[in-house]
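K.L.:
What follows is a structure written as C-alpha cells; I'll ask about it next.
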Amino acid sequence: MTQDSAQDEARLATVLEAVAAAFGVDEARVAFARDEEGGLLASVEGDGAGALVGRNGEVIDAIQYIASQVVGRGEGGRRRVGVDAGGYRARREALLTDLANRAANEAVEFQEEIELDAMTPHDRRIVHMALKERTDVVTRSEGEEPRRRIVVEPAE
Numbered sequence: 065m066t067q068d069s070a071q072d073e074a075r076l077a078t079v080l081e082a083v084a085a086a087f088g089v090d091e092a093r094v095a096f097a098r099d100e101e102g103g104l105l106a107s108v109e110g111d112g113a114g115a116l117v118g119r120n121g122e123v124i125d126a127i128q129y130i131a132s133q134v135v136g137r138g139e140g141g142r143r144r145v146g147v148d149a150g151g152y153r154a155r156r157e158a159l160l161t162d163l164a165n166r167a168a169n170e171a172v173e174f175q176e177e178i179e180l181d182a183m184t185p186h187d188r189r190i191v192h193m194a195l196k197e198r199t200d201v202v203t204r205s206e207g208e209e210p211r212r213r214i215v216v217e218p219a220e
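Per the working numbering, the sequence shown starts with residue 65, numbered consecutively.
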C-alpha cells in the first residue's frame, strides 16, 4: 500500500466513523478492500449500521458521495470509492441480479420489452453488467433522472 493510499484510508475511516456515530452506530468499525480496478471499498460495521443505508439506499449513496470527495484525486486521476454498511450493497446486488435475470427470461419467453422501475445509476449499472454476457437480450436505459429506468428486450 502506498503512503497516499494509507492516508486516504485514514482520512476516510475518520469521516466514516464520525458519520456512523452521528447516526447512532455503536462501536463502528471500518474495513477496507480494493476492487478489480483498484478502487477503494470501505465497509462500515457495528450495532445499528443499517441506519446508514436509509430508504432505498439513499443515505449510503450520499455517504459514498462524501467519501469520494474526501479521498479526492489520487495517483492517475479520480479514485473510485465505494461505501457499504452492514452488507447492504452485496444483498442489493444479489437482488438486482436476480431481478435482471427474471426480466431477461420473461423478455425472451414472451418476445417483448420488459421495463423495470426507476433505479439509481449504481443500480442500473449492476443490471446492465448482470446481463451483458447474455446473447439473447439487450438492455438500454430510458428516461430522465430521477425516473431513469432499464428496458430489457429480446436480441434480434
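Note that the Cβ used here is the ideal one computed from N, Cα and C, for glycine as well.
1. Classify F87: buried if its beta carbon has 16 or more other beta carbons within 10 angstroms, exposed otherwise.
2. Less than 8 angstroms between the CB atoms is what I'm expecting for A194 and N169, so what's the real figure, rounded?
3. Could you check the C-alpha separation between V134 and F174 for me, to the nearest Å?
4. Taking only runs that begin and end inside the region 123–171, name each unbroken beta strand (DSSP E) of 3 or more residues, in chain order.
5. Within the same chain, show all residues whose beta-carbon is closer than 6 angstroms to that of E73, passing over the 5 residues directly before and after it, in chain order.
6. Buried or exposed for A70, please, with buried defined as at least 16 other CB atoms from any protein chain shown within 10 angstroms of its CB.
7. Under the DSSP definition of a beta bridge, which residues are partnered with T203?
8. Which first and last residues belong to the beta strand (DSSP E) in which A95 is found?
9. Check the DSSP bridge columns for A106 and list the partner residues they point to.
10. What are the start and end residues of the alpha helix (DSSP H) that includes M193?
11. What is the rounded straight-line gap between the Cα of N120 and the Cα of A106?
12. Could you name the residues that DSSP lists as bridge partners for D227?
P.N.:
Answer, in terms of the structure:
1. buried
2. Contact between A194 and N169 does not hold, since the beta-carbon distance rounds to 12 angstroms and is not under 8 angstroms.
3. 47 angstroms
4. 145–149
5. Excluding sequence positions up to five before and after E73, its CB lies within less than 6 angstroms of the CB of F96, all in the same chain and listed in chain order.
6. exposed
7. V216
8. Start and end: D90 to R98.
9. F96 and V147
10. P185 to L195
11. 19 angstroms
12. This structure cannot settle anything about residue 227, because the visible part of the chain is limited to 65 through 220.
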